[in-house]
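Q: Heads up: the sequence shown runs through residues 31 to 172, numbered per my numbering.
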Amino acid sequence: MDADIARFYSERRIDGLKPSFVMELLRLHANGPMTIAELAESVQRTHSALSQKVAAMRTAGWVQTVVGDDARTRKVTLTDKARHVIGRLAAEWRATESALADLEAEIPYPLSQVVTDIERALERKTFHDRIAEKLAEDPAWD
31 MDADIARFYS ERRIDGLKPS FVMELLRLHA NGPMTIAELA ESVQRTHSAL SQKVAAMRTA
91 GWVQTVVGDD ARTRKVTLTD KARHVIGRLA AEWRATESAL ADLEAEIPYP LSQVVTDIER
151 ALERKTFHDR IAEKLAEDPA WD
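(1) Leaving aside the five residues before and after P63 along the sequence, list all residues of the same chain whose C-beta is less than 6 Å from its C-beta, in chain order.
(2) Within 10 angstroms of the Cβ of E68, are there 16 or more other Cβ atoms? Answer buried if so, exposed if not.
(3) Cα separation between R150 and I44?
(4) Is it a yes or a no for the segment 119 to 132 touching the segment 82 to 97, going by three-plus beta-carbon pairs under 8 Å?
(5) Exposed or buried, I161, counting other C-beta atoms within 10 Å across all chains shown (16 or more means buried)?
(6) Helix, strand or coil, according to DSSP, for M31 in the structure here?
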């Protein structure tokens, strides 16, 4: 699905944009500049994960960091490049959410339920532990 979304960006000549950046860009547009910690909390990700993503978005020219309320903090803000396309990104987000709802209506098991079920199963036993069990059974792993 990400590849199909990326195709829309390519068709509109929105170069260097990954679908995984859009939620954060929309959040920054809606809320204004935020620290990495604030942005991470708003999208329910870890500070570490968002720090890496912000670095990638900065390298691609979508965000910049500026001095925050005091000299010790930095805030992430949109660049002119991002502000120029944010309306299109919001439209794509709405269309994607609607298309996803249509897709879920066509299948007997909603994708959102799949995610919830996988999260619950991984709470019972981590993916690492599941792989470790399989590797323990494989003599090639020794």
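We put the CB at the ideal spot given by N, CA and C, even for glycine. Predicted model, so just to flag it, every value in this text is computed and none were measured.
A: Concretely, from the data shown:
(1) On the sequence shown, position 33 is the one that residue 63 refers to. So the list reads K105 and T107, once near-sequence residues are dropped.
(2) Translated into the one-based positions of the sequence shown, residue 68 becomes position 38. Buried, by the Cβ-count rule.
(3) As a position in the sequence shown, residue 150 is number 120, starting the count at 1. As a position in the sequence shown, residue 44 is number 14, starting the count at 1. Taking the straight line joining both Cα atoms gives about 37 Å.
(4) no
(5) Residue numbering aside, residue 161 sits at position 131 when the sequence shown is read from its first letter. Label assigned to I161: exposed.
(6) Looking up residue 31 in the sequence shown gives position 1. Looking at M31 - three-state DSSP - the assignment turns out to be coil, as it is neither helix nor strand.
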